[in-house]
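The structure appears right after this line, and notes come after that.
There are 6 protein chains.
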Amino acid sequence: MGAMRVLLLAAALLALACSHGATASDPSLLQDFCVADKMSQVRVNGLPCKDPKEVVVEDFFFSGLHVAGNTTNKQGGVVTPVNVAQIGGLNTLGISLVRIDYAPSGLNPPHTHPRSTEILTVIEGCLEVGFVTSNPENKLFTKVLNKGDVFVFPKGLVHYQFNKGAANAVAIAALSSQNPGVITVANAVFGAEPSISGDIIAKAFQVEKNTVESIQAQF
Amino acid sequence: MGAMRVLLLAAALLALACSHGATASDPSLLQDFCVADKMSQVRVNGLPCKDPKEVVVEDFFFSGLHVAGNTTNKQGGVVTPVNVAQIGGLNTLGISLVRIDYAPSGLNPPHTHPRSTEILTVIEGCLEVGFVTSNPENKLFTKVLNKGDVFVFPKGLVHYQFNKGAANAVAIAALSSQNPGVITVANAVFGAEPSISGDIIAKAFQVEKNTVESIQAQF
Amino acid sequence: MGAMRVLLLAAALLALACSHGATASDPSLLQDFCVADKMSQVRVNGLPCKDPKEVVVEDFFFSGLHVAGNTTNKQGGVVTPVNVAQIGGLNTLGISLVRIDYAPSGLNPPHTHPRSTEILTVIEGCLEVGFVTSNPENKLFTKVLNKGDVFVFPKGLVHYQFNKGAANAVAIAALSSQNPGVITVANAVFGAEPSISGDIIAKAFQVEKNTVESIQAQF
Amino acid sequence: MGAMRVLLLAAALLALACSHGATASDPSLLQDFCVADKMSQVRVNGLPCKDPKEVVVEDFFFSGLHVAGNTTNKQGGVVTPVNVAQIGGLNTLGISLVRIDYAPSGLNPPHTHPRSTEILTVIEGCLEVGFVTSNPENKLFTKVLNKGDVFVFPKGLVHYQFNKGAANAVAIAALSSQNPGVITVANAVFGAEPSISGDIIAKAFQVEKNTVESIQAQF
Amino acid sequence: MGAMRVLLLAAALLALACSHGATASDPSLLQDFCVADKMSQVRVNGLPCKDPKEVVVEDFFFSGLHVAGNTTNKQGGVVTPVNVAQIGGLNTLGISLVRIDYAPSGLNPPHTHPRSTEILTVIEGCLEVGFVTSNPENKLFTKVLNKGDVFVFPKGLVHYQFNKGAANAVAIAALSSQNPGVITVANAVFGAEPSISGDIIAKAFQVEKNTVESIQAQF
Amino acid sequence: MGAMRVLLLAAALLALACSHGATASDPSLLQDFCVADKMSQVRVNGLPCKDPKEVVVEDFFFSGLHVAGNTTNKQGGVVTPVNVAQIGGLNTLGISLVRIDYAPSGLNPPHTHPRSTEILTVIEGCLEVGFVTSNPENKLFTKVLNKGDVFVFPKGLVHYQFNKGAANAVAIAALSSQNPGVITVANAVFGAEPSISGDIIAKAFQVEKNTVESIQAQF
C-alpha cells in the first residue's frame, strides 16, 4: 500500500468525500443545535438532525486527541480528523479540528481545503509551513514554526507543512467548516480514479508522458 | 484590582469590544486574503485591508501559545486570545483561537460568544465543562474532560469550564469567528458601566436589593 | 408556579428550544417560499417544507396580536411570540415578531437572543430599556421610551425592558430570525436543569454558596 | 405633484435608492455593532462605522412612530420608514421597520422589496392584502386582515395592501434588511426616468401605445 | 393560447415556481456536491441530495443550448432554462444559465429575478436592454448591445431585452442562483390567478377600471 | 516567455490575485448596486463603491467577448476574463464570466477556483472536460462535450478542459463570484515565487529531486 495513501485515508475521514459535511462559512444555525442523525436515510446539504430530545452530552464530545498517530508511511505524516464525522454535534456549527503528527522529515503534502481556512498551532517540534497565492503571482509565503507558534492558511489556497526537525512534531489545526474537505494536489492530478489522460498531465506540467506515467504508478 | 477583572482583561482582547472583529459565519471572502490594516482610519464591518503588495508572512503568524498565562486572580483562570487583533491575516477568514489556563479550582465563568461556536481541546489537566440550552428547557449538558478530550459549545449558548483537578489545566479552543466576542454573564449583569438599576436586577434574580448591591460591589 | 416561569413559558414558544427554528441571518431562500411542514418526521436546519401545492393563505397568517397577555406573574411581564412555530410560512424567511405586555413595574428580565437582532416599538406606556456591550467594557446603553419610540438591541447582547410607568405598557418587537431563541440570564445560570454546581456559580458571582442556593430555589 | 409620488417619496427614504443600505440576509456582524457614520466619504456595501467610542444611545433610537402620516395623495397611503437612514445603529444588523397609514380606500400599490421579507401587523382598521408567486403560476394569495392580524410577504414577491374599511387603517411592518428597497411596479415600468420606450411597454402589456403614453403621463 | 404565456411557460421551468430551487447567494456548500435527488419525497430549502455513490457524470451535464427556441408567440421571444431542474448537479452550487431567442422585434418583457443577478452575453444580433433602479429614482439604465457585448442586471431590479434588429437575436445569460425565479411584471399584476381586484390595479396604475379589465383579458 | 504563463496572464486578470474581488457566494447586497470605485485608496473585502450619482450605464457593460483570444502559447489555450476588474458594476453581485479559446490540442490545465462554481457552455468545437473529487476517492468525472453542451464544475474542485478536436474550440463559462480566483495546480506547486523546496515537492510527488528541478525550470 502506497505511503501517501495512508495519510490520505486519515485525511479522507476529514473530507467525507462527496458525501456530507460543512464549510468555511456554513449556513446559519436555525436552532440551538442540529446534531447529525447518522441513521437518517435523508440526504441534505450537511446532515439531517437527531430528535433534540435524544441528544446526549456525548454528541458534543471526542476523546483521544493526545494520542500520536502512526507516521510509518511514505510521507511520514498522518492526520487525525475531528469533524462532523467524529462529533455529530458539529453539524451546522461551522468548525472542526485535526491533529497532525509528523515523523522527522515527515510531510503533509501540498493540498487545499475547498471549504475552509485553517489555523494551526505547533504543539511539539519544528515545522516549515507555506502557502501559495492564486494566479498570476503564485507567491509563496513560508515560515519556520516552533512550539507555541500559530499560523494561518487562507481558505482555498495550496499549503503544506514539513517537519524540519530531528524529532517528531505535532500540530493541532482548526478549520472553519464542519467538513472542510481535503484535495491533495498530487493525488487529485496523478492519482485520480480513473486516471486523467497522460497527454493532458504531460502538457500541463511540461514533462514527458512517460514521466507522468511513472508518477501515476506511485499512486 | 478585582479578580474577575483580570480574566476579563484578557478576554477583552478577545472581544475587541464594540469595535472591530469577526463572526461565527463571517461574510464570504472576496480575494485570497484581506489582511487587517490597523493604521487605517476607515471603519467597516470587520477591518479594512492592507495593500496586498505590503503583506508579509508575519501577518499570518503569532508566537507564544505554549506560554502559561498568569492565573493569580480571583477566578483562577486566564484567557490568551489569538484573533484578528493578534493576527491581522485572520480578517475575513472566520476563525480564531484562545489558550485558557486554569489554576486548581480555577474557573472560566459562565459566558456566551455572541458570534461564535467553540471547540475546545484539553492539553493538560481535568476540566468540568457545561453549556445550557435556551428557554424554556435551560437544559445543562455537562461532562468531565481529561487530556486529549474535545468538546463543542454551540454558538451563543451560556457555557463554562472549571478545573476539578489538583493540578493546573490548559486548553486550546478554536472559535468560528475572527472576533467571537465574550459576554461574561456576571459582568454584563452586575458589572455594567453604568450599573443596571438594582431594582431591575433584584426582580430578575428574585433577590433582595441589598444582595444585588453587595454583588455589584465586587465588580 | 414561579413568576418568572410564566414569562419563560411564553418566551419558550419563541425559542422552540433546541429543536427547530431560524436565525438572525437565515440561509438564503431557494424558492418563493418553504412553508414549514409540521407533520414531517424529517429534521433539518430549520424545518422541511410542505408541498407547495398544499400551501394556503393561512400559512402566512396569525391572529390576535392586539390581545393583551396575562402579566400576573412575579416578573409582571409576558411575551406573545409570532415566529415559525405560529406562522409556518416564516420558515426560511429570516424574521419574526413578539408582543410584550408589562404590568406596572413589570420586567422583561436581562436576556440574549443568540440568533437575532431586535427592533422594538412602544405601542403604549413608558419603558426603561437597556443593553450591555461585550467584554471588557460591558457598557450599558439605556434610555426611557414612550409611545411611538423605537429602539434597537444588537444581536447577541444582553438586554432588558422595564415598565417605569404607573400604567400597563405594550411593545411589539421584530427579530431578525424565524426562531431567534431566548436565553434569560437568571434562568440559564440559576435555573438550569440539572443545576450548575453551586461552587461554580458562587465563584462566578463572588457570593456565598448559600446565597446561590437560595436564588436557585426560586427557579 | 402626482399622488403616487407622495407615497413614493416616503417609500424612497426606505429604499435609499441605489445608494447605501441593508438586505434580507445582511452579511454577518463582525463586532457588537457598526453604527453608520453618515459623515464618512467612504462608500462600501452598507455603510462605514462610527468610532465605537463616539457611539451614543440615540444611535439606536427613533421617535414618532405613533404619529399618523399624511395620506392626502392619489393613492391614499403613506409609508414612514425606520431603517438605517433613520437609525444609524441598524447598520449591519439586518432588520428595519415601516409604519403605513391608509385613508379609506387607500392603497399601498403592488411593489417588491428586492432585499427583504416583510411581516405586517394591523394596528387599526381593515386591510385586504395579497402577494403573487413567481412565473408561471403567478398565484395570488389574498386575505382580509383586521386589528391584531399578522401577515407575511415572502422576499422579492409582488405584494400590496388596500384599505377596505370606511375608517383609516394603520400597520407596522418589519423587514429583514437594514435597507430593504422598494420597487413600485407601476412606477418602475411607467414612471422610469428616462421613460422605457412606449413600444416595449405596449408589447409587454398587450395594449395600444397611446394607452401606454396616457399612463406614463400620470407618473 | 396567449403569446406571453408561451414565453412564460419556458420561463416557468426557470422558476420552479414556489417549489424548489436556488438563490443569488445560495447557502454554502457542505460537501463536494449535493446532486438533486428528484425522486425524494422530502422537501427542504433547495433539494435533498442523491447518494453520492450513485452520482454520474450526466448529473452535471445538459445538451442542446445551441438549438434555437421557437419564438412564434406574441412577445416574439423564448427562454430556454438550464437550472437545477435541468442539471441536478447544480443543487447547492448557486449558479444557472438561460438561452434567450428573440425574433425581430421580439421582447423579453420587464421582469425581476427575486433571487439573482444576471450577466448576459449577446451571441447574435442586436438588443436594446435596460434596468430600472428602485424607488424613488426609478432611473432607467439602457444600452444597445451587439454581438460579443456583455451586460449586468443587478439582483432584484426590473429589466428587459428587446430585439431592435431585423434579424433574429440570441443571448446566453448566467444567473447567480440555482433557481433564480422570474416575475414578469405584466403577468404578476394583470395575470395573477385569481385576479387582483380591478379597483386596486386601476388605482395603482391610475387608469380606468375597464382599461384594466381589457388588459387582464389578454393574460 | 513560457507558454503556460501566457494562459496565466489572462487568467490572472481573472484572479486579481491577492487583491480585491468576489466569491462563490458573495456577501449579500445592501443597496441596488455598489459599482467598484477603482480610484479609491480604501481597501475592503471586495471593493469600495462609486458615488451612485456618478454611476453610468457603461459600468455594467463589456464589449468584445466574440473576439477570439490568441492561443499561440505552449498550452494552446487562453482565457479572456469578464469579472469585477473588467465590469465594475459586478462588485457585490456574485457572478462573472470568461471566454476560453482552445487551439487544436489546446489545454486549460488542471486548476481550482477557490471561490466559485463554474458552468461552461461549448460555443464551438469539441472538448474533453473533467473534475476530480476531494480525498480519499479522488474520483474523476469526465465527459466529451460538443457545441451547445453545458457542464458544471463544483466549487473548489480540480478541473480541466482539453480540445480533442482538429479545429479550434470556444467556450463561455460563468462563475459564481465577482472574482473567482484561479489556482493552476502546476504553477502553484512548480512555479511558486520563491520556489517551494525541491525536497518537499519530490516527496509529495514521489519523484527524484532532479525531476522536480527540471519541471520547475519550465515555469
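Protein chains in written order, with my numbering: chain A, 53 to 271; chain B, 53 to 271; chain C, 53 to 271; chain D, 53 to 271; chain E, 53 to 271; chain F, 53 to 271.
In this text, a Cβ means the ideal position worked out from N, Cα and C, and glycines have one as well.
Just so it is clear, the structure is predicted and the values come from calculations on it, not from any experiment.
Where do the N-terminal and C-terminal ends of the beta strand (DSSP E) with residue i fall, by residue?
| i | result |
| --- | --- |
| B/Ser148 | 148 to 154 |
| C/His118 | Element bounds for C/His118: n/a, residue is neither H nor E. |
| E/Ala170 | The residue asked about is misnamed: residue 170 of chain E is Glu in this sequence, not Ala. That run of the beta strand (DSSP E) goes 170 to 176. |
| C/Gly129 | 129 to 134 |
Over the uninterrupted alpha helix (DSSP H) stretch that includes residue i, give me the two end residues.
| i | result |
| --- | --- |
| B/Glu265 | 261 to 270 |
Using CA atoms only, rank isn't needed, just tell me which of the options is closest to residue i.
| i | options | result |
| --- | --- | --- |
| E/Ala240 | D/Val134, D/Gly208, D/Asn198 | D/Gly208 |
| C/Thr144 | D/His165, D/Pro188, D/Pro206 | D/Pro206 |
| E/Val109 | F/Leu192, F/Asn125, F/His211 | F/Leu192 |
| E/Val181 | E/Val196, E/Thr236, E/Thr124 | E/Val196 |
| C/Pro133 | D/Val202, D/Leu142, D/Pro232 | D/Val202 |
| B/Val174 | A/Asn125, A/Leu179, A/Phe183, A/His118 | A/His118 |
| A/Thr185 | A/Tyr154, A/Val136, A/Ser157, A/His163 | A/His163 |
| C/Val87 | C/Gly140, C/Ile253, C/Asn190 | C/Gly140 |
| B/Ser247 | B/Val264, B/Leu149, B/Asp89 | B/Val264 |
| F/His165 | F/Pro156, F/Leu149, F/Ser157, F/Tyr154 | F/Leu149 |
| C/Ala137 | C/Asp153, C/Gln83, C/Asp111, C/Ile224 | C/Asp111 |
| F/Asp251 | F/Val237, F/Tyr154, F/Gln268 | F/Gln268 |
| D/Val278 | E/Asn190, E/Lys90, E/Glu176 | Residue 278 of chain D is absent from the structure shown; chain D starts at 53 and stops at 271. |
| C/Asn122 | C/Leu142, C/Leu99, C/Asp153 | C/Asp153 |
What are the residues that DSSP puts in a beta bridge with residue i?
| i | result |
| --- | --- |
| B/His163 | B/His211, B/Thr236 |
| C/Phe273 | Examination of residue 273 of chain C is not possible in this model, given that chain C is present from 53 through 271 alone. |
| A/Val94 | None, per the DSSP bridge assignment. |
| C/Ala88 | C/Cys101 |
Distance check for residue j and residue i, CA to CA, integer angstroms please.
| i | j | result |
| --- | --- | --- |
| D/Lys261 | E/Thr194 | 20 Å |
| E/Ile147 | F/Ile147 | 8 Å |
| B/Ser216 | C/Phe242 | In the sequence under discussion, the amino acid at residue 216 of chain B is Lys, which differs from the Ser named in the question. Those two C-alpha atoms are separated by around 20 Å. |
| D/Cys101 | F/Arg95 | 15 Å |
| F/Gln258 | A/Phe214 | 15 Å |
| E/His211 | E/Ala219 | 22 Å |
| B/Asn160 | B/Gln127 | 7 Å |
| D/Asn135 | D/Ser115 | 12 Å |
| B/Asn97 | D/Leu81 | 7 Å |
| B/Lys105 | A/Leu227 | 26 Å |
| E/Gln230 | B/Ala254 | 53 Å |
| C/Gln353 | C/Phe113 | Nothing about residue 353 of chain C can be read from this structure; chain C reaches only from 53 to 271. |
| B/Gly177 | D/Met91 | 53 Å |
Which chain G residues are close to residue i, counting only those with a beta carbon under 7 Å from its beta carbon?
| i | result |
| --- | --- |
| E/Arg167 | Protein chains in the displayed structure are A, B, C, D, E and F, and chain G is not among them. |
message: Quick check for students: name the residue ranges of the alpha helix (DSSP H) that lie wholly in the stretch 189 to 252 of chain A, counting only runs of 4 or more.
response: Listed in chain order, the complete alpha helix (DSSP H) runs (minimum 4 residues) inside the stretch 189 to 252 of chain A are 237 to 242.
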